[in-house]
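Q:
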Amino acid sequence: MHFIIGFLICFCFGQFSVAQQAMQSVKYDDAPIEKQTISEADLETYKADKDFNYTEVEVEENIFKKAYRWAQNALRKFWESIFGVGTATGFLYVVFIILPYLLLAFLVYLLIRFFLKVNSNKLINKAKAQASVAFTEEEQIIKNEDIPTLIQEAIGQNNYRLAIRYYYLWALKHLSENEHIAWQPQKTNEDYILEIGKEQLKSEFKNITRIYDYVWYGEFYIDALKFENLKRPFEHLNHSIAKK
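As structure tokens, then:
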């Protein structure tokens, strides 16, 4: 009993001490309140400071964002028309999120393909314009030049690509003179292949045409050793034409 009474006395004394300490730690500010005023000049200064400008500026959407938003709205209407719901879930939700990006990527692909096609057409037209000049040069060589002499000059200059070109023009000249083809500046090598009636000559001409395209138009570098091997089909064709 004495223990309980002593415990209660100690507890009450401790609570009184805590309350007294709390009362001692609280201080009240009884100083007079000074009213702060802001002048018009100060207000204008704050208005001019961009750090105090909280106006929300709406950023105009670019064409890609507009296209993406349009695709989202179209897909939302599509899902609503099929499933009768405005919000897709699960797998459809994933498709709904990814599909606009796929459509946008496909649109970019179409644009890139379009521009590449336009540029390729320009290159083809440019090549045709250059080819018209080349045809004029070929006509001059085939009709008026001594091609064997041109071949020897090209070999003497180590210009084996040019020598192969002269060999090919020489073959065209022989085919035309022997009435296997009707040479015209505007015709292509494929046209001449179709004109040749004899299968052996056609096969040999196909072979030298492949070599010529590879060396001349492919700008393939050849040295003296390769040239010796490549010129043989041309010489063999010329001999075959002379025998027919």
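Under our numbering, read the sequence shown as residues 66 to 309, first letter to last. We put the beta carbon where it would ideally sit given N, CA and C, even for glycine. Owing to the predicted nature of the structure, the values given are computational and were not obtained by experimental measurement.
(1) Would DSSP call H304 helix, strand or coil?
(2) Under 8 Å Cβ to Cβ from K296, same chain only, skipping five residues before and after it: list those, please.
(3) Roughly how many whole angstroms lie between the Cα atoms of F270 and I276?
(4) Rounded to whole angstroms, how far is the Cβ of I258 from the Cβ of L234, which I believe are closer than 8 Å?
(5) By a C-beta neighbour count over all protein chains shown, 10 Å radius and 16 as the cutoff for buried, is V173 buried or exposed?
(6) Against chain B, does P97 count as a neighbour if the rule is that its beta carbon must be under 8 Å from one of theirs?
(7) Rounded to whole angstroms, what is the Cα-Cα separation between F292 and E284?
(8) The alpha helix (DSSP H) spanning A236 covers which residue range?
(9) Tell whether a beta-carbon distance below 8 Å holds between S305 and Q249.
(10) For I113, is the classification buried or exposed, using 16 other Cβ atoms within 10 angstroms of its Cβ as the cut-off for buried?
(11) For E99, which of helix, strand or coil comes out of DSSP?
(12) How long is the line joining the alpha carbons of Y225 and E244, rounded to whole angstroms?
(13) Taking 8 Å as the limit between beta carbons, can you name the residues of its chain near I25, skipping five residues before and five after?
(14) Does DSSP put I247 in a helix, in a strand, or in coil?
(15) Could you tell me the distance, in whole angstroms, from the CA atom of Y282 to the CA atom of N294?
A: So, from the listed chains and residues:
(1) The answer is helix: DSSP assigns H304 an H, G or I state.
(2) Within the same chain, K296 has close Cβ partners A228, I229 and Y232.
(3) Rounded to the nearest angstrom, the two C-alpha atoms are 10 Å apart.
(4) Not really, about 16 Å apart at Cβ, beyond 8 Å.
(5) With fewer than 16 Cβ atoms within 10 Å of its Cβ, V173 is classed as exposed.
(6) Among the chains of the structure shown, chain B does not appear; only one protein chain is present.
(7) When the Cα atoms are used, F292 and E284 turn out to be separated by approximately 14 Å.
(8) It spans Y225 to E242 - the alpha helix (DSSP H) in which A236 sits, taken as one unbroken run.
(9) No, Cβ-Cβ distance for S305 and Q249 is not below 8 Å.
(10) The displayed chain sequence assigns Ala, not Ile, to residue 113. Label assigned to A113: exposed.
(11) Coil.
(12) Their backbone Cα atoms lie some 29 Å apart in a straight line.
(13) This structure cannot settle anything about residue 25, because the visible part of the chain is limited to 66 through 309.
(14) The displayed chain sequence assigns Ala, not Ile, to residue 247. Looking at A247 - three-state DSSP - the assignment turns out to be coil, as it is neither helix nor strand.
(15) Rounded to the nearest angstrom, the two C-alpha atoms are 19 Å apart.
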